Amino acid sequence: MSMISFRAVFTGRAVRAVLGGLGGLVLWMSLIAAPAVAQTSGAPAATIGMTNTLSFTKDTVRVEVGETVRWKNNSVIVHTVTADPEEATMDESMRLPEGAASFHSGNLEPDETFEYTFETPGRYRYFCVPHEAAMRATVIVEPAEGQ
Ligand SMILES: [Cu+2]
388 MSMISFRAVF
398 TGRAVRAVLG
408 GLGGLVLWMS
418 LIAAPAVAQT
428 SGAPAATIGM
438 TNTLSFTKDT
448 VRVEVGETVR
458 WKNNSVIVHT
468 VTADPEEATM
478 DESMRLPEGA
488 ASFHSGNLEP
498 DETFEYTFET
508 PGRYRYFCVP
518 HEAAMRATVI
528 VEPAEGQ
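For the sequence shown, my numbering assigns the number 388 to the initial residue and increments by one for each residue that follows.
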């Protein structure tokens with residue numbers, strides 16, 4: 388056996404060993420993760436962070452009617468998730484689709500989360516009350532599959 392073919396065989400075995408190990412790890416992780424998924428039957432379709440640099444981590448997310456978006460304050464300052472004309476001081480900071488309900492998280496302290504389930508399709512432009520001029524983003528809600 389030449390050195391080259393020996394190496395190829397050895398490498399093949401090493402790769403299989405690593406893949407086998409990964410397979411076990413993935414299986415183990417899926418076993419660990421399964422109960423958590425089952426507990427939160429309304430698991431969010433999208434998760435958006437809120438940062439120290441006054442931004443939402445995703446400018447735009449797309450979900451379907453009936454799906455939930457979760458926001459998490461990953462920063463050390465208070466933020467809100469707001470699409471409520473009563474809270475807005477600028478016309479351009481928010482927009483709701485026709486017939487859609489408004490929403491407002493109230494103040495979210497560091498590490499707090501807010502979830503909202505969208506029941507009306509359309510484009511939602513929302514903002515953070517303390518940082519209204521800078522901190523805005525969009526959720527696009529599409530009709531549920533089959534509608
Ligand atoms: Cu903010």
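Ideal Cβ positions, reconstructed from N, Cα and C, are used throughout, including at glycine. Because the structure is a prediction, the values reported are computed rather than measured.
Close Cβ partners of Thr500 (< 7 Å) along its chain, the five nearest in sequence each way excluded: Arg457, Trp458, Lys459
Within 8 Å, do at least three Cβ pairs link the stretch 470–479 to the stretch 441–452? Cβ pair count under 8 Å is below three, so no.
Ligand 1 heavy atom lying under 8 Å from the CB of His491: no
Taking only beta-carbon positions, decide if His466 is within less than 9 Å of chain C. Given the protein chain composition of this structure (a single chain), no chain C is represented.
Just to be sure I understand the criterion: a residue counts if its Cβ is closer than 6 Å to at least one heavy atom of ligand 1. Which residues meet that? Leu441, His466, Cys515, Pro517, His518, Met522
Give a yes or no on whether the C-beta atoms belonging to Leu483 and Ser489 are separated by under 9 Å. yes
Have a look at the DSSP bridge pairing and note the partners of Met437. Phe443, Asn460
How long is the line joining the alpha carbons of Phe505 and Thr440, rounded to whole angstroms? 27 Å
Report all residues from its chain with a CB closer than 6 Å to the CB of Glu454; omit the five preceding and five following residues, and keep chain order. Excluding sequence neighbours, Glu454 sits near Ala432.
Where Glu532 falls, given that 16 or more other Cβ within 10 Å makes a residue buried: exposed
Cα-Cα, which of Gly486, Thr467, Arg512, Leu495 is closest to Glu480? Correcting the residue identity first, residue 480 is Ser in this sequence and not Glu. Among Gly486, Thr467, Arg512, Leu495, the Cα nearest to that of Ser480 is on Arg512.
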